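Asks:
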Amino acid sequence: MLILECPYCGVKAEETELSPGYEAHLKRFGPGASPEEFEAYMFARKNPKGVHFERWRHTYGCGKWFLAARCTATLEVFGTYPAQVSEPPADIIAKIQARRPGWQPDGKVTK
Amino acid sequence: MSEPVSALGGASFHGFATIREIGPLGMITLRAKGVKALDKAVKAVTDTKLPAPRRIEINGEKACGWMSPDEYLLIVPYAEVSATLASLAKSLAGEHHLAVDVSDARAIFRVEGDKAADVLRKLSPVDFEMLQPGELRRTRAAQVAAAMWAQDAGFTVVCFRSVAGYVMGLLTHSAQPGSEL
Chain A
-3 MLILECPYCG VKAEETELSP GYEAHLKRFG PGASPEEFEA YMFARKNPKG
47 VHFERWRHTY GCGKWFLAAR CTATLEVFGT YPAQVSEPPA DIIAKIQARR
97 PGWQPDGKVT K
Chain B
10 MSEPVSALGG ASFHGFATIR EIGPLGMITL RAKGVKALDK AVKAVTDTKL
60 PAPRRIEING EKACGWMSPD EYLLIVPYAE VSATLASLAK SLAGEHHLAV
110 DVSDARAIFR VEGDKAADVL RKLSPVDFEM LQPGELRRTR AAQVAAAMWA
160 QDAGFTVVCF RSVAGYVMGL LTHSAQPGSE L
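Line by line, the protein sequences are chains A and B. By our numbering, the letter at position 92 of the first sequence is numbered 88, and the numbering carries on one by one without gaps. For our numbering, count along the second sequence from 1 and bump the result up by 9.
1) Rank B:Pro142, B:Phe118 and B:Asp127 by C-alpha distance to the C-alpha of Ala155 (chain B) and give the top, closest one.
2) Which residues in chain A sit within 9 Å of Arg115 (chain B), going by Cβ to Cβ distance?
3) Give the interface partners of Gly57 (chain A) over in chain B, defined as CB-CB distance under 7 Å, in chain order.
4) Output, in chain order, the set of chain B residues within a Cβ distance shorter than 8 Å of Glu13 (chain A).
5) So is Ala154 (chain B) in contact with chain A if we call contact Cβ pairs under 9 Å?
6) Counting only runs of 4+ residues fully inside the segment 73 to 156 of chain B, write out the alpha helix (DSSP H) ranges in chain order.
7) Quick check on Pro31 (chain A): does DSSP put it in helix, strand or coil?
8) Given that a residue counts as buried once 16 or more other Cβ atoms are within 10 Å of its Cβ, and exposed if not, what is Leu47 (chain B)?
9) Should Arg40 (chain B) be flagged as near chain A, meaning a C-beta pair shorter than 9 Å?
10) Do Ala20 (chain B) and the ligand MG come close, with the Cβ less than 8 Å from some heavy atom?
11) Any Cβ of chain A within less than 9 Å of the Cβ of Arg63 (chain B)?
12) The beta strand (DSSP E) that contains Tyr56 (chain A), what's its start and end?
13) Examine chain B for any beta-carbon lying closer than 9 Å to the beta-carbon of Ala94 (chain A), and answer yes or no.
14) Rounded to whole angstroms, what's the CA-CA distance from Val14 (chain B) to Leu140 (chain B)? Just pull it up for me.
15) Quick check: the Cα distance between Ala90 (chain A) and Ser188 (chain B), rounded to an integer number of angstroms?
16) Can you tell me where the beta strand (DSSP E) with Arg40 (chain B) in it begins and where it stops?
17) From Ala41 (chain B) to Phe22 (chain B), what distance separates their C-alpha atoms?
18) Between the Cα of Leu101 (chain B) and those of B:Gly143, B:Val44, B:Thr165 and B:Asp56, spot the shortest distance and give me the residue it belongs to.
19) Determine the DSSP secondary structure at Ala50 (chain B), reduced to helix, strand or coil.
20) Go ahead and label Ser77 (chain B) buried or exposed: buried means 16 or more other beta carbons lie within 10 angstroms of its beta carbon, across all protein chains shown.
21) Please list the partners that Gly6 (chain A) has in chain B, where partner means a Cβ-to-Cβ separation under 8 Å.
22) Does the beta carbon of Ala9 (chain A) come closer than 9 Å to any beta carbon on chain B?
23) When you compare the segment 61 to 76 of chain A with the segment 40 to 51 of chain A, are there three or more beta-carbon pairs, one atom per stretch, that lie closer than 8 Å?
24) Run through chain A and tell me which residues come within less than 9 Å of Pro78 (chain B), C-beta to C-beta.
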């Protein structure tokens, strides 16, 4: 069972109270973008085995969208944060790196 | 003038806890964020302070609950809804806000008895041991959205009127004698 704490209301919401919104921090390519860029924006997802940044909506609670950092291999949750950011905040990255030494935000692992 | 009718006409059930559909109750959704006059406007209509996140301030028949960072639920007697809306419109004039009468869009239940929490425990993913007095918890009751809080040796449950029959069925089934947790 996945439990995420909503950063807006502080409820430790269980998965069934939430709706998934898939990958977070996507950069939108719209009118004027090349077909390759648009295709990548539309379809290409990172989907690494490990750390994911995801969008979630607290559907059965305050109704707000928030972002979560979690590991899809171990189901470990590193943290949740409000959605008004375009990249993961430093404290979330620090929490991930404390648990996954060498992990970098771009997905590469440095030894 | 037509008489207001609650969703289930005051249906009730006596199991190991008592389920009562109450109402009609005046409910107003107030959406506003960062509005300076908001605490005064709420104080004027419910005579409570503006609730902190996830809290509900109850004052007799009136109450103000925190629903989300920009949404409040005001509960007043049914007959006072239009006067309350007028008061809000006056005190929040010129501020970005929305106040709407949702009384007839909702159903409201009371779950009472020593084991009232057991009735809700079966329906919602909520740790009722950790639910503080005066805490408003928005969650789901089985498959539909609901808001609940502890009040006067029991719980008050609010849901949409369109699912009132479903929620009454849930609560009734959950309160069957012999099915205590």
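Even glycine gets a Cβ: it sits at the ideal position worked out from N, Cα and C. This one's a predicted model, so the numbers in the text were calculated from it and none came from an experiment.
Replies: According to the structure data:
1) The residue given as residue 155 (chain B) occupies position 146 in the second sequence. The residue with the shortest Cα to Cα distance from Ala155 (chain B) is B:Phe118.
2) Mapped onto the second sequence, residue 115 (chain B) falls at position 106. In chain order: nothing, as chain A lies at least about 16 Å away.
3) Your numbering for residue 57 (chain A) matches position 61 in the first sequence. Ordered by position in chain B, the residues that pass the 7 Å Cβ test against Gly57 (chain A) are Arg147 and Thr148.
4) As a first step, residue 13 (chain A) is located in the first sequence; it is residue number 17 there, counting from the start. Against chain B, a Cβ distance below 8 Å from Glu13 (chain A) picks out Pro134, Thr148 and Arg149.
5) If you number the second sequence from 1, residue 154 (chain B) lands on position 145. Output row for Ala154 (chain B): interface = yes.
6) Correct list: 90 to 100 and 125 to 130.
7) In the first sequence, the residue the question calls residue 31 (chain A) occupies position 35. In the structure shown, Pro31 (chain A) falls within a helical segment according to DSSP collapsed to helix, strand and coil.
8) Position 38 of the second sequence, counted from the start, is the residue given in the question as residue 47 (chain B). Leu47 (chain B) comes out buried.
9) Within the second sequence, residue 40 (chain B) is the residue found at index 31, counting from 1. For Arg40 (chain B), no Cβ of chain A is located within less than 9 Å of the residue's own Cβ.
10) Among the ligands in the structure shown, none appear at all, so the ligand MG cannot be discussed.
11) Counted from its first residue, the second sequence places residue 63 (chain B) at position 54. Yes - at least one Cβ of chain A is within 9 Å of the one on Arg63 (chain B).
12) Residue mapping note: residue 56 (chain A) aligns to position 60 of the first sequence, counting from 1. Going by DSSP, Tyr56 (chain A) is part of no beta strand (DSSP E) at all; its letter is neither H nor E.
13) Counting from one through the first sequence, the residue named residue 94 (chain A) turns up at place 98. It does not; no Cβ of chain B falls within 9 Å.
14) As a position in the second sequence, residue 14 (chain B) is number 5, starting the count at 1. As a position in the second sequence, residue 140 (chain B) is number 131, starting the count at 1. Just so you know, the alpha carbons of Val14 (chain B) and Leu140 (chain B) end up roughly 32 Å apart.
15) On the first sequence, residue 90 (chain A) is found 94 positions in, with the first residue counted as 1. On the second sequence, residue 188 (chain B) is found 179 positions in, with the first residue counted as 1. A straight line joining the alpha-carbon of Ala90 (chain A) with that of Ser188 (chain B) spans about 48 Å.
16) Numbered from its first residue, the second sequence carries residue 40 (chain B) at position 31. Element bounds for Arg40 (chain B): Gly35 to Arg40.
17) Taking the second sequence and counting its residues from 1, the one referred to as residue 41 (chain B) is at position 32. Taking the second sequence and counting its residues from 1, the one referred to as residue 22 (chain B) is at position 13. Taking the straight line from one Cα to the other gives about 38 Å.
18) The residue labelled residue 101 (chain B) in the question sits at position 92 within the second sequence. For the residues B:Gly143, B:Val44, B:Thr165 and B:Asp56, the minimum Cα distance to Leu101 (chain B) belongs to B:Val44.
19) Position 41 of the second sequence, counted from the first residue, corresponds to residue 50 (chain B). Assignment of Ala50 (chain B) by DSSP, reduced to helix, strand and coil, places it in the helix class.
20) Against the second sequence, residue 77 (chain B) aligns to sequence position 68. The residue is buried, with at least 16 neighbouring Cβ atoms inside 10 Å.
21) Here residue 6 (chain A) is taken as the residue at index 10 of the first sequence, counted from 1. Taking a Cβ-Cβ cut-off of 8 Å, the neighbours of Gly6 (chain A) in chain B comprise Pro62 and Arg63, given in sequence order.
22) On the first sequence, residue 9 (chain A) is found 13 positions in, with the first residue counted as 1. At least one chain B Cβ lies under 9 Å of Ala9 (chain A).
23) The segment 61 to 76 of chain A, when compared against the segment 40 to 51 of chain A, does touch it at the 8 Å Cβ threshold.
24) Locating residue 78 (chain B) in the second sequence gives position 69, where the first residue counts as 1. Taking the beta carbon of Pro78 (chain B) as reference, the chain A residues within 9 Å of it are Tyr4, Cys5, Cys58 and Lys60, listed in sequence order.
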